[in-house]
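*Asks:*
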Amino acid sequence: REFAGKPISYIHVNLRRHYSNLRFTDVSIDELTSKCDLVFINTPSGVSQKITPKLLENGLKIVDLSPDFRLKNPRDYEVWYGMRHEALDLLSRAVYGLPEIHRGEIKNTDLVACPGCNATASILALSPLVESNIIDVEHIVVDVKVGSSEAGRKPNLGSHHPERANVMRPYSVEGHRHVAEIIQELSYFSKEKINIMFVPHAVGAVRGALATCHTWLTQQNIDDNTLRRIYAKRYGSEPFVRIVGEGLFKYPDPVNVIGSNYADVKAIVYQDIGVVSFCAIDNLVKGAAGQAVQCMNIMLGLEEKIGIDAPPLRPI
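Going by our numbering, the sequence shown opens with residue -16, and the numbers climb by one from there.
(1) Give the list of continuous beta strand (DSSP E) stretches no shorter than 3 residues that lie fully inside the region 103 to 191.
(2) Which of helix, strand or coil does DSSP assign to SER(-8)?
(3) For a test of the three-state rule: what should DSSP assign to ASP59, helix, strand or coil?
(4) Kindly give me the distance between the Cβ atoms of ILE45 and LEU38, rounded to whole angstroms, as I take these residues to be in contact under 8 angstroms.
(5) Please determine if the region 277 to 288 and the region 69 to 89 are in contact, where contact requires at least 3 C-beta pairs separated by less than 8 angstroms.
(6) Check for me: the alpha helix (DSSP H) holding SER260 runs from which residue to which?
(7) Please classify CYS196: does DSSP put it in a helix, a strand, or coil?
(8) Is it buried or exposed, ARG217, if we count other Cβ atoms within 10 angstroms and call 16 or more buried?
(9) Name the DSSP bridge partner or partners of PHE23?
(10) Please state whether DSSP places VAL238 in a helix, a strand or coil.
(11) So, for SER115: in the same chain, excluding its five sequence neighbours on each side, which residues have a beta-carbon less than 6 angstroms away from its beta-carbon?
(12) Under 8 angstroms: do the region 13 to 20 and the region -15 to 5 share three or more Cβ pairs, one atom per stretch?
(13) Buried or exposed for TYR171, going by 16 or more other Cβ atoms inside 10 Å?
(14) In terms of residue numbering, what span does the alpha helix (DSSP H) encompassing VAL33 cover?
(15) With the cut-off set at 9 angstroms, would you say ALA293 and GLY257 are in Cβ contact?
(16) For a quick check, are the C-beta atoms of ALA246 and ALA263 less than 9 angstroms apart?
(17) With a threshold of 6 angstroms on Cβ separation, who are the neighbours of CYS196 within its own chain once the five nearest residues in sequence on each side are excluded?
(18) Just curious, the beta strand (DSSP E) that ARG225 is in, first and last residue?
(19) Nearest to GLU221 by CA position, among VAL189, LYS288 and VAL240, is which residue?
(20) Taking only the alpha-carbon atoms, compute the straight-line gap between ILE166 and VAL186 and give it to the nearest angstrom.
(21) Tell me the rounded alpha-carbon separation between VAL62 and ARG211.
(22) By Cβ distance below 6 angstroms, which residues in the same chain neighbour LEU15 in space, the five residues on each side in sequence not counted?
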């Protein structure tokens, strides 16, 4: 709102000579209701739950990129976000916006809660293993490397370039908020309690997220071919999930998905005792805006890939 009236190229300089008629506006709920069929919300935690009920009452569809409706258990908002939820009646109505798991529900809802980027990568890496019932779900270790854009545009000491450049720094080790999302979504595939040790790392890149997930096998005679079949069954028809094969980049690497809505996944057996699974995404696309558009397309009955079926950018 501080940029109301200014062209979008004032902030997004790369868009000069593009969309020159678009300007930032300080819109009211009444204006949104009269002009829109669907609204994207991207506000700090605690804001969306105050305005979403009014928008829904007026018949709008909502794609919320904030965390306000991602979790089903009201208590989780107090534990992970330190706030009491003010729209409890909408928690059961909201659908978690990961099409690879909830496509049918997204199609039939008017409120989608887009996942966090770390959660997106972790869930896509792990859900085929949990669903196939071949790993110990009580002992899962997740390591995520993520670029500085995850922290948003507003600077702070930790994201300030002289402090942030070239780092390999763990953060939120005591408990990252996305853990609640990961456990919630993996629980759809298992009746057992899900336990996760999750440690994200800030790395010296602007964008991209790589989840490396360590799990222990509960079945014998599982090999890499078995895992390929498991992942192909889950993702073989998915428009934005690519199962990585052999070659120069035989494991997922964010550099190969930057600027796209693709998620690259792979899983390998580790010395016959466990499975290491990977997922690489662009945290700003499949981890945020691209996934939001994907959900919008599904909600509106459009072809799912419209507007986001662009190849990754290489080299960067």
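For each residue, glycine too, the CB sits at the ideal point set by N, CA and C.
*Replies:* Let me spell this out:
(1) 118 to 129, 151 to 153 and 179 to 186
(2) It is helical.
(3) helix
(4) About 6 angstroms separates the Cβ atoms of ILE45 and LEU38, confirming a contact at the 8 angstroms cut-off.
(5) yes
(6) Here SER260 belongs to no alpha helix (DSSP H); instead the beta strand (DSSP E) covers 257 to 264.
(7) strand
(8) Buried, because 16 or more other Cβ atoms sit within 10 Å of the Cβ of ARG217.
(9) The bridge partners DSSP lists for PHE23 are VAL46.
(10) helix
(11) So the qualifying residues of the chain are ILE213.
(12) By the Cβ test, the region 13 to 20 is not in contact with the region -15 to 5, since fewer than three Cβ pairs between them sit closer than 8 angstroms.
(13) Classification for TYR171: exposed.
(14) As written in the sequence, residue 33 is Lys, which differs from the Val given in the question. That run of the alpha helix (DSSP H) goes 31 to 40.
(15) no
(16) yes
(17) So the list reads ALA108, LEU109, VAL125 and SER260, once near-sequence residues are dropped.
(18) 224 to 226
(19) Nearest of VAL189, LYS288 and VAL240 to GLU221, Cα basis: LYS288.
(20) The straight-line gap from Cα to Cα measures roughly 25 angstroms.
(21) Distance between the alpha carbons of VAL62 and ARG211 is about 37 angstroms.
(22) VAL22
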